[in-house]
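Student: Dropping the structure in here first, questions after.
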Amino acid sequence: EELRMSKNSNFDIQSAFCVLCGRTDDCPEKYGEKRTYVEHNLTVHYYCLLMSSGIWQRGEEDEGVDGFLITDIRKEVNRAAKLKCNICKKKGASIGCVAPKCKRSYHFPCGLQKECIFQFMEDFRSYCWEHKPVQKFPDEESRGTSQCTICLDLVEQLPMYTVLKSPCCKNAWFHRECLQYQALSAGIFFFRCTVCNNKDKFQKEMLRMGIHIPEKDASWELEENAYQDLLQCYQHCDTKRCLCKKGRDYNEPDSKWEIKRCQCCGSRGTHLACSSMKSWEQNWECMECRSIFAKSGNYSKQKKRSLATSEKTDGTTCLLEEPSPKCPRQSPGSQRNFLLQSPKIMCQNNLSPCSHLELPASNRVTMSLSPLMSNRNWSLRKKHLRQQRREVSNILKELKLQVNTKTTRLNINAEKIWNSALKGFRQRNFSPTNTIEIKFTNCKDRSKTDTSAASKHRFFQLLMLHLQNSSLFEGSSAKNLSLDFQAVKENLYFEAGKMIAVSLVHGGPPPGFFSKTLFNCLVYGPENVKPALEDVADVDVAQTIKMIKYANSLSSLRSTIHDCYEFLAAAGCLRPVTALCDKKMLVNDILIHHVIKRIISPLESFRQGLKTLGVLEKMQMHPDAFSSILCHKPERLSAETICDLFTIHSSSDVNKVEGADFWMGYLQDVESGESVVTLEDILLFVTGSFSIPPIGFDPEPTIKFLHIRYPIGNRLLNCLELPITKTYEQFKNKMEFTIRNTLRVERE
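This is the structure in structure tokens:
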């Protein structure tokens, strides 16, 4: 008989007593759902029923109370009425300890208060406070405090009921209450270690220790538009007078109408033109933040001074973390980028290594090198990067052997790339070893399916761009991980690492924005990395470090420490200062805290995500090769690169030599600017991609000379079919007309 739960004016459901524990409490998190069946005059807590020792589910799931028959529940109530609770001393103790020879009985709520363990698995066993299972810790393991990776509050590293340790991660500790809420929210499909993402081993240990993991989908999967506002960047011009004719919400990257957010709060923005900024690299603060700085005395002209003009006491150029406002943004593959990315260049003054040149181009000041030296270094660097990228390509092709032919389709909204990507990666049937198929949908829910590699590459390209500008990372161009508490709670750092790994193996673009410090932390471990001042993205923290670093007397150093006492205390960096040289250790402590220790939890989750498909392991085995794609933008396309990329095929009646000459001549014209199209346009026309992915194209791009009127780009085969013409001018005109119009139609 199907039971009906309903409210009745003569039966007060809220004040009804549970027939097993005798309490009126309605707390689903602690006691399970409180269920009332009016027609049977029965109220029971679900957990009280599950853990009772003398009852089993003898019916089907739709019978009684989830399989517990009403007659059996009545019998269990009568049985428990004869047993006294060893904790509250009242009758009705339906739960007994399963330890041999132990005769203790108790109510479920009383057992929770006395720290008994209830195992929600198999036979639903219960253990009293004396016989309950405990976690074992090695004697040599240090005792102290660490951070609960769920609530981020401190937790004592002690074997106690309220504290649990991860079985798979050495330094992962949790509050029991935090873990229980996490399990109820995540459900059996998504409950896992928040640090390493292990599921099986972690769940087994948590069930043993009394954590209830319900067999249901995660709560966030059941919410509609659950990720709507997650990691959305503020895009609105808040200046008093906006000059943009297309409105305050218009944003065009790499133009004067790009919106720059306040570097302090991030909740206000301006078009570059509306605030008379010539470069995106210039710092900008909103009026609210300026007024706060002015009142606190921290906002001064010294803060806005061009940092590239300050000098060290020894006369050499002082290179700080902020770029000069006049330093233009460089294109991804410019020659200046390759020159400045040289790992070590000797200064002409004293032939000492300029370690600052390991930073990305936008964070450095150009050295005065001779043209001969510059060209030579750039040429060598370019050759070295090409060798490393060829090595990466072979490694990624080896990793791709794990990918099978089983297909997983991701429905992607390009306008909400992060939300739809996150939902796709978290769906139950998603596996990194499956072949990924992308289905783009527009805002009106009309869909356009494109199963080609071009669609997949565009998806990963949009995803990498979003990650670069998301709140998970901080910095201008060379980025480190930031500390976003919401992202830690939602396990987004793991997902970001997983997405990057999947992009590399499945033919997508690399991120290309990792700082050297972040890369070294991933490869060598944070304990082996020494951060630099350039890694500090927070302007106020950087200013504090500089004031300490460049203090020229012991009194000024002590005065600076006194002014920022609260900051140093919070960072755990207070130390006695007896000499001016102590500032070096103090600066080092602050850098390690701010750049590494502060983000240790996000870093570990990010590393675990990068382990997907074995990518992190290969990074650690081949650090130089992977640095070329993770820390540097893709090489700018050249005629030589495009020529090497394509293999020419021709039929027997075609003059292959003449056709190849026309093709090479056209590439040289495009490279020199004597064409209306670019090399990127040509690559996009054939493959659907602006750049060459680290793994290369599959299938490899080919060229065929055929008796056709106009060129054809076959993106399924990455094949460029070229027309046979009598003159070069005819060939060039046909190429430009077709490529320009095809891409224009696609953009529209």
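Counting from 1, position 110 in the sequence shown corresponds to residue 110 in UniProt numbering; the numbering is continuous, with no gaps. Using N, Cα and C, we set each Cβ at its ideal position, and we do this for glycine too. Just so you know, these numbers come straight off a predicted model, no measurement behind them.
Would you say Leu112 and Glu76 are within 9 Å of each other, going by their C-beta atoms?
Tutor: Against the sequence shown, residue 112 aligns to sequence position 112. Against the sequence shown, residue 76 aligns to sequence position 76. No, Cβ-Cβ distance for Leu112 and Glu76 is not below 9 Å.
Student: Considering just the uninterrupted stretch of the alpha helix (DSSP H) at Thr742, what are its terminal residues?
Tutor: Residue mapping note: residue 742 aligns to position 742 of the sequence shown, counting from 1. Note, Thr742: alpha helix (DSSP H), 728-747.
Student: Going by beta carbon distance, what residues of the same chain come within less than 8 Å of Phe473, once the five residues before and after it are set aside?
Tutor: The count along the sequence shown starts at 1 and reaches residue 473 at position 473. Counting only Cβ-Cβ distances below 8 Å, and skipping sequence neighbours, we find Leu467, Lys479, Asn480, Leu481, Ser482, Phe513.
Student: In terms of alpha-carbon separation, which member of Lys199, Lys204, Pro214 lies closest to Tyr181?
Tutor: Position 181 of the sequence shown, counted from the start, is the residue given in the question as residue 181. Of Lys199, Lys204, Pro214, the residue nearest in Cα terms is Pro214.
Student: Helix, strand or coil: which one does DSSP assign to Thr24?
Tutor: The residue given as residue 24 occupies position 24 in the sequence shown. Coil, per DSSP.
Student: Val488: which of Leu69, Thr145, Leu152 sits nearest, CA to CA?
Tutor: Taking the first residue of the sequence shown as position 1, residue 488 is located at position 488. Of Leu69, Thr145, Leu152, the residue nearest in Cα terms is Leu152.
Student: Beta-carbon of Cys128 versus every beta-carbon of chain D: anything under 9 Å?
Tutor: Going by chain labels, chain D is absent from the structure shown, which holds only one protein chain.
Student: Take Thr702 and list the residues in its own chain whose beta-carbon comes closer than 8 Å to its own, dropping the five residues that flank it on each side.
Tutor: Your numbering for residue 702 matches position 702 in the sequence shown. For Thr702, where only same-chain residues beyond five positions count, the Cβ hits under 8 Å are Phe646, Thr647, Ile648, His649, Leu717, Asn718, Cys719, Leu720.
Student: Would Gln135 and Gly210 be called neighbours here (beta carbons separated by less than 9 Å)?
Tutor: As a first step, residue 135 must be located in the sequence shown, where it is residue number 135. As a first step, residue 210 must be located in the sequence shown, where it is residue number 210. For the 9 Å CB-CB criterion, Gln135 and Gly210 do not form a contact.
Student: Which same chain residues, not among the five before or five after Gly64, have their C-beta less than 8 Å away from its C-beta?
Tutor: By one-based count along the sequence shown, residue 64 stands at place 64. Hits under 8 Å: Leu3, Ile70, Asp72, Ile73.
Student: Using DSSP bridges, identify the partner residues of Leu147.
Tutor: Residue 147 sits at position 147 when you count from the first residue of the sequence shown. With the sequence shown as reference, residue 147 is identified as Gln, and Leu is not the correct amino acid for it. Paired residue(s): Leu154.
Student: Mapping the DSSP letters down to three states, classify Val19 as helix, strand or coil.
Tutor: Residue mapping note: residue 19 aligns to position 19 of the sequence shown, counting from 1. It is coil, neither helix nor strand.
Student: Measure the alpha-carbon distance for Phe460 versus Pro509 and round it to whole angstroms.
Tutor: Taking the first residue of the sequence shown as 1, we reach residue 460 at position 460. Taking the first residue of the sequence shown as 1, we reach residue 509 at position 509. Spanning the two alpha carbons is a distance of roughly 7 Å.
Student: Answer with buried or exposed for Ser276, where buried requires no fewer than 16 other C-beta atoms within 10 angstroms of its C-beta.
Tutor: The count along the sequence shown starts at 1 and reaches residue 276 at position 276. With fewer than 16 Cβ atoms within 10 Å of its Cβ, Ser276 is classed as exposed.
Student: What did DSSP end up calling Cys237 once you bin it into helix, strand or coil?
Tutor: Against the sequence shown, residue 237 aligns to sequence position 237. Three-state result, Cys237: coil.
Student: Short of 8 Å in beta carbon distance, which residues of its chain neighbour Gln263, apart from the five on each side in sequence? Order them along the chain.
Tutor: Taking the first residue of the sequence shown as 1, we reach residue 263 at position 263. Hits under 8 Å: Asn283, Trp284, Glu285, Val539.
Student: Run through the DSSP bridge pairs and tell me what Ser126 is partnered with.
Tutor: Residue mapping note: residue 126 aligns to position 126 of the sequence shown, counting from 1. Its beta-bridge partners are Phe118.
Student: Identify the residues that DSSP records as bridge partners of Asn413: which are they?
Tutor: Taking the sequence shown and counting its residues from 1, the one referred to as residue 413 is at position 413. Bridge partners of Asn413: Thr441.
Student: Using CA atoms only, rank isn't needed, just tell me which of Val745, Leu401, Lys240, Lys199 is closest to Asp698.
Tutor: In the sequence shown, residue 698 corresponds to position 698, counting from 1. Scanning Val745, Leu401, Lys240, Lys199 for the CA closest to the CA of Asp698 turns up Leu401.
Student: Can you name, in chain order, every residue of its own chain whose Cβ lies under 7 Å from the Cβ of Phe191, other than the five neighbours on each side?
Tutor: For this step, residue 191 is matched to residue 191 along the sequence shown. Closer than 7 Å at the Cβ level, and outside the excluded window around Phe191, lie Gln182, Ala183, Gln203, Ile213.
Student: Which residues share a DSSP beta bridge with His107?
Tutor: Counting from 1 along the sequence shown, the entry for residue 107 is found at position 107. According to DSSP, which records beta bridges pairwise, His107 is partnered with nothing at all.
Student: Between the stretch 114-134 and the stretch 163-172, do at least 3 Cβ pairs fall closer than 8 Å?
Tutor: no
Student: Confirm, please, whether the CB-CB distance from Ser689 to Ala453 is below 9 Å.
Tutor: Within the sequence shown, the letter at position 453 stands for residue 453. Within the sequence shown, the letter at position 689 stands for residue 689. Yes.
Student: From His605 to Thr149, what distance separates their C-alpha atoms?
Tutor: To locate residue 605, count along the sequence shown from 1; it is residue 605. To locate residue 149, count along the sequence shown from 1; it is residue 149. Position check: residue 605 holds Ser in this sequence, whereas His was assumed. Using only the alpha carbons, I get a separation of about 10 Å.
Student: Looking at the secondary structure, which residues open and close the beta strand (DSSP E) in which Pro723 lies?
Tutor: As a first step, residue 723 must be located in the sequence shown, where it is residue number 723. It spans 719-723 - the beta strand (DSSP E) in which Pro723 sits, taken as one unbroken run.
Student: Taking 6 Å as the limit between beta carbons, can you name the residues of its chain near Ala625, skipping five residues before and five after?
Tutor: Translated into positions along the sequence shown, residue 625 becomes position 625. Only Gln388, Glu391, Val392 meet the Cβ criterion.
Student: Would you call the stretch 524-535 in contact with the stretch 582-597, where contact means no fewer than 3 C-beta pairs closer than 8 Å?
Tutor: yes
Student: Starting from the Cα of Leu50, find the closest Cα among Lys90, Ile95, Asp25 and give me that residue.
Tutor: As a first step, residue 50 is located in the sequence shown; it is residue number 50 there, counting from the start. Here the closest residue by C-alpha is Ile95.
Student: Going by DSSP in three states, Phe705 sits in which element: helix, strand or coil?
Tutor: By one-based count along the sequence shown, residue 705 stands at place 705. If DSSP states are grouped into helix, strand and coil, Phe705 belongs with the strands.
Student: Thr408: which of Glu415, Asn714, Ile436 sits nearest, CA to CA?
Tutor: Mapped onto the sequence shown, residue 408 falls at position 408. Comparing alpha-carbon positions, the option among Glu415, Asn714, Ile436 lying closest to Thr408 turns out to be Ile436.
Student: Excluding five sequence neighbours on each side, which residues of the same chain lie with their C-beta closer than 8 Å to the C-beta of Ala172?
Tutor: As a working mapping, residue 172 is identified with position 172 in the sequence shown. For Ala172, where only same-chain residues beyond five positions count, the Cβ hits under 8 Å are Thr149, Lys165, Ser166, Cys193, Thr194, Val195, Cys196.
Student: Can you list, in chain order, the stretches of the alpha helix (DSSP H) that have 4 or more residues and sit fully within the stretch 200-224?
Tutor: Complete alpha helix (DSSP H) runs here, min 4: 200-208, 219-222.
Student: Rounded to the nearest angstrom, what separates Lys246 and Leu722 at their Cα positions?
Tutor: Counting from one through the sequence shown, the residue named residue 246 turns up at place 246. Counting from one through the sequence shown, the residue named residue 722 turns up at place 722. Approximately 41 Å between the Cα atoms of the pair.
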